[in-house]
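A.B. asks: Mind looking over this structure? Questions follow.
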Amino acid sequence: MIGLGSLLKKVKAIAPVRLIVSSFVLIILVGTILLMLPVSARNGHPTAIVDAFFTAVSATCVTGLVVFDTWTHWSEFGQAVILLLIQVGGLGVITITTGFTILVRRRLGLRDMQIAMENTSGNTVNIYHLVRTILAFTLSCEFAGALLLSIRFVPQFGPYGVWIAVFEAVSAYCNAGFDILGFRWRDGSLIGYTGDPLVSCVIAALIITGGLGFIVITDLFNAKIKPCVQKKKPGHLSLHSTIVLLMTAVLLVLGTVLFLVMEYTNTLDGLNFLEKLNASFFQSASMRTAGFASVNIGAEHDITKILTIIFMFIGASPASTGGGIKT
Numbered sequence: 006m007i008g009l010g011s012l013l014k015k016v017k018a019i020a021p022v023r024l025i026v027s028s029f030v031l032i033i034l035v036g037t038i039l040l041m042l043p044v045s046a047r048n049g050h051p052t053a054i055v056d057a058f059f060t061a062v063s064a065t066c067v068t069g070l071v072v073f074d075t076w077t078h079w080s081e082f083g084q085a086v087i088l089l090l091i092q093v094g095g096l097g098v099i100t101i102t103t104g105f106t107i108l109v110r111r112r113l114g115l116r117d118m119q120i121a122m123e124n125t126s127g128n129t130v131n132i133y134h135l136v137r138t139i140l141a142f143t144l145s146c147e148f149a150g151a152l153l154l155s156i157r158f159v160p161q162f163g164p165y166g167v168w169i170a171v172f173e174a175v176s177a178y179c180n181a182g183f184d185i186l187g188f189r190w191r192d193g194s195l196i197g198y199t200g201d202p203l204v205s206c207v208i209a210a211l212i213i214t215g216g217l218g219f220i221v222i223t224d225l226f227n228a229k230i231k232p233c234v235q236k237k238k239p240g241h242l243s244l245h246s247t248i249v250l251l252m253t254a255v256l257l258v259l260g261t262v263l264f265l266v267m268e269y270t271n272t273l274d275g276l277n278f279l280e281k282l283n284a285s286f287f288q289s290a291s292m293r294t295a296g297f298a299s300v301n302i303g304a305e306h307d308i309t310k311i312l313t314i315i316f317m318f319i320g321a322s323p324a325s326t327g328g329g330i331k332t
């Protein structure tokens with residue numbers, strides 16, 4: 006029988022990159038097992054392993070592809086498992102474990118710092134400050150988003166609206182695209198809130214924030230926000246942050262204008278101009294990485310679908326919760 010000490014030595018001997026991959030594989034396997042349980046399904050029957058595995062991979066890799074409608078098939082327990090996988094996948098297993106290590110005031114060794122650095126694109130920022138910023142900023146954004154979404158969902162759905170708000174906020178920040186509004190809207194997602202500025206703007210803001218990347222957020226806080234609060238002269242953003250922010254702004258504006266023009270008399274028909282502009286902005290923010298929809302994607306013109314593919318290919322920013330080739 007292998008002792009705990011021997012096991013720890015073997016774990017420490019694993020290369021950081023392999024440890025990161027192994028951690029994600031382990032999370033996916035655990036998620037698959039939990040999703041296969043009868044308690045995870047709304048009908049009380051076990052879910053086939055291939056469907057549970059696909060959902061676990063999609064949630065952990067914040068892809069957003071599903072084989073079942075998330076509300077229709079999965080129970081609240083199953084939804085909670087999916088939400089946990091999204092959160093872990095969005096932040097990165099190593100980032101979370103490193104963050105908890107800091108929270109309990111354990112000292113990080115060189116190896117821990119190396120792993121965390123590799124999991125955050127290897128930027129040479131202060132790793133301690135970075136991880137604290139990741140955890141604090143992420144939880145703050147998700148909490149604020151859930152609080153704002155509750156203003157709309159609680160009056161509509163009662164206490165269950167709180168759970169919907171939390172799920173949608175975490176899924177949006179992590180750019181996952183999972184939603185649990187299938188019981189309300191036939192086509193799921195956020196089609197029922199096409200003209201709702203509160204829901205669409207809050208979720209779009211979470212998507213954009215999560216897609217900017219941890220490094221950019223840290224740089225923006227240290228160079229601009231913190232000096233302003235302290236009434237000091239703002240510093241300069243790094244070249245990386247400048248490019249990311251510029252490209253994000255350009256893509257958001259370009260996507261909004263193109264979607265508005267292409268779908269003005271199609272999926273946006275029946276809305277007033279401000280509602281069309283709001284829906285176009287939401288789609289521009291969502292189609293690059295998140296996958297939420299406030300219009301019927303299937304009814305879009307082919308040219309709009311091609312635009313969506315191009316934007317998905319571009320994706321979000323490095324070290325962010327989004328995918329793509331990066332801005």
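Once you know that position 181 of the sequence shown is 186 in the working numbering, the rest is easy, because the numbers rise by one and skip nothing.
Where is the CB? At the ideal position from N, CA and C, for every residue including glycine.
By Cβ distance, which residues of its chain are closer than 8 Å to Glu81, with the 5 residues on each side in sequence left out?
C.D. replies: Here the set comprises Trp168.
A.B. asks: On the DSSP bridge list, what partners appear for Trp79?
C.D. replies: Answer is Ala46, bridged to Trp79.
A.B. asks: Do the stretch 249-262 and the stretch 274-294 make contact, defined as three or more Cβ pairs closer than 8 Å?
C.D. replies: With a cut-off of 8 Å, the stretch 274-294 and the stretch 249-262 count as touching, because enough Cβ pairs lie within range.
A.B. asks: Have a look at Leu89 and Gly218 and give me their C-alpha separation to the nearest angstrom.
C.D. replies: For Leu89 and Gly218, the distance between alpha carbons rounds to 20 Å.
A.B. asks: Express the C-alpha separation of Ile308 and Ile314 in angstroms, rounding to a whole number.
C.D. replies: Computed Cα separation, rounded: 10 Å.
A.B. asks: Cutting at 7 Å between CB atoms, please list the residues of its own chain near Pro202, excluding the five before and the five after it.
C.D. replies: If we look at Pro202 and ignore the five residues flanking it on each side, its Cβ neighbours are Asn283.
A.B. asks: Express the C-alpha separation of His50 and Ile220 in angstroms, rounding to a whole number.
C.D. replies: Rounded to the nearest angstrom, the two C-alpha atoms are 43 Å apart.
A.B. asks: Distance, Cα to Cα, Ser322 vs Leu140?
C.D. replies: So the two alpha carbons sit approximately 18 Å from each other.
A.B. asks: With a Cβ-Cβ cutoff of 8 Å, do Leu40 and Thr60 count as a contact?
C.D. replies: Their beta carbons are under 8 Å apart, which means Leu40 touches Thr60 by this criterion.
A.B. asks: To which residues of the same chain is Thr214 closer than 6 Å at the C-beta, ignoring the five residues directly before and after it?
C.D. replies: Closer than 6 Å at Cβ, skipping near neighbours: Cys146.
A.B. asks: Taking contact to mean at least 3 C-beta pairs separated by less than 8 Å, is the stretch 219-237 in contact with the stretch 272-281?
C.D. replies: Flag = no, the stretch 219-237 and the stretch 272-281 do not touch.
A.B. asks: Where do the ends of the alpha helix (DSSP H) carrying Met267 lie?
C.D. replies: Segment Leu244 to Glu268, the alpha helix (DSSP H) holding Met267.
A.B. asks: Using the beta-carbon count (16 or more within 10 Å), is Phe278 buried or exposed?
C.D. replies: Result: exposed.
A.B. asks: Give me the residue from Gly216, Ile196 and Thr270 with the minimum Cα distance to Ala249.
C.D. replies: The sequence given here places Val at residue 249; Ala does not occur at that position. Comparing Cα positions, the closest option is Gly216.
A.B. asks: Round the Cβ separation of Ala46 and His78 to the nearest angstrom and send it over; I've been treating them as touching at under 8 Å.
C.D. replies: Confirmed, about 6 Å.
A.B. asks: Taking the alpha helix (DSSP H) that Gln288 belongs to, which residues open and close that run?
C.D. replies: Phe278 to Ser291 is the span of the alpha helix (DSSP H), which, as asked, contains Gln288.
A.B. asks: As a quick exercise: from Lys237, Lys238, Gly36 and Arg189, pick the residue whose alpha carbon is nearest that of Gln161.
C.D. replies: The shortest C-alpha separation from Gln161 is found at Arg189.
A.B. asks: I think Trp76 touches Gly166, with their Cβ atoms under 8 Å apart; what is that distance to the nearest whole Å?
C.D. replies: With a Cβ gap of about 13 Å, Trp76 and Gly166 do not count as contacting.
A.B. asks: Where do the ends of the alpha helix (DSSP H) carrying Gly216 lie?
C.D. replies: It spans Pro202 to Leu217 - the alpha helix (DSSP H) in which Gly216 sits, taken as one unbroken run.
A.B. asks: Is it true that the CB of Ala170 sits closer than 8 Å to the CB of Ser155?
C.D. replies: For Ser155 and Ala170, yes; Cβs fall inside 8 Å.
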